[in-house]
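In what follows, a structure is listed as structure tokens, so that the remarks can point back to it.
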Amino acid sequence: MVQPTLFEFDDITTDTMELFPAVWGAAERLVSPQAQDRDQAVVQLMELDAPRLSPLIAYLLTTRLADPNIEVRFHVVQALGAILFPDEEDKITPDKVRQYVLGYLSQMRRRQVFALLQVADRYLAAEDNIASLLNSCSYAGIALGDIITDRNAPISVRNQAIRFAGIVGFTDIIPALERLISRLESRSEKQERMSFIAGDIVSEELSLLKVARAALMRLK
């Protein structure tokens, strides 16, 4: 049995999509205190193709980029990434929707960038979309450089920051990478001479050396 569609997408405009009950109901659940409700809301909106057709829905999703629940964030990344790429039929997202999303992305700061890197560390499938989102924010390079040199940040997140700096091509973080590489190379030499010093702690940060060198080569 084929389930009838709720509405004909060809007959709607970017200004009326959110008026449909299913879309409005899902949009309301985006602010639910329950992570499962928020996640289901994002998935439902994607199934309805609402983020690509409604500037309001697209904007609401951007506000969940730093959602406390990483699975919600992952689905938000998928939804927003889809807005920036043509769909399966090579249709481009309406300009008004793209403008809303790009406008928000351009205002991202460390908090949102950090949240995206956490998603990247958990979900390999998110890489292309995250690269596209970061590429839409001129400040992202500064945030990545800050995270890369933050010794209090998780190694896995710093690793992702280095990777995406190279993938997207943020040349403004080259000085930060060079300083990191210099410090880690010095530490590596010291560890070889003094194997008895906090080996586990040193080795964990040294895992960044290889990826930092690769990113630097890519950026130069």
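Numbering (the numbering used here), first residue to last: 1333 to 1552. Idealized CB from N, CA, C, for every residue including glycine. This one's a predicted model, so the numbers in the text were calculated from it and none came from an experiment.
With a cutoff of 8 Å on beta-carbon distance, Leu-1512 and Phe-1496 are scored as not near each other.
For the pair Pro-1387 and Val-1355, the CB atoms are not nearer than the 8 Å cut-off. Leaving aside the five residues that flank Arg-1384 on each side, the residues in its chain whose CB is nearer than 8 Å to its CB run, in chain order, Ala-1390, Ala-1414, Ile-1415, Asp-1419, Thr-1425, Pro-1426, Val-1429. Only exposed fits Gln-1368, as fewer than 16 other CB atoms lie within 10 angstroms of its CB. Note on Val-1451: 16 or more other CB atoms within 10 angstroms of its CB, so buried under the neighbour-count rule. Annotation: Gly-1435 to Gly-1473 spans about 17 Å, alpha carbon to alpha carbon. Between the alpha carbons of Asp-1482 and Pro-1353 lies a distance of about 46 Å.
Secondary structure note for Val-1363: it is in no alpha helix (DSSP H), with a DSSP letter that is neither H nor E. Ranking Asp-1381, Leu-1380, Glu-1379, Leu-1397 by CA distance to the CA of Val-1363 puts Leu-1397 first. When C-alpha distances from Ile-1494 are compared across Asp-1504, Glu-1459, Leu-1540, the shortest belongs to Leu-1540.
If you check the CB distance, Leu-1509 and Ala-1547 come in under 8 Å. Closest in alpha carbon position to Tyr-1432, among Thr-1394, Ala-1544, Cys-1469, is Thr-1394. Per DSSP, reduced to three states, the secondary structure at Phe-1352 is coil, with no helix or strand assignment.
Close CB contacts of Phe-1446 within its chain, under the 7 Å cut and outside five residues either way in sequence, are with Ile-1479, Val-1489 (chain order). Nearest neighbour of Gln-1372 by Cα position, chosen from Tyr-1471, Ala-1358, Arg-1443, turns out to be Ala-1358. Leu-1437 and Leu-1465 do touch by the CB rule: their CB atoms are close to 6 Å apart, below 8 Å. The Cβ atoms of Asn-1461 and Gln-1410 lie closer than 8 Å to each other. According to the DSSP assignment, Glu-1403 belongs to the alpha helix (DSSP H) that extends over 1402-1416.
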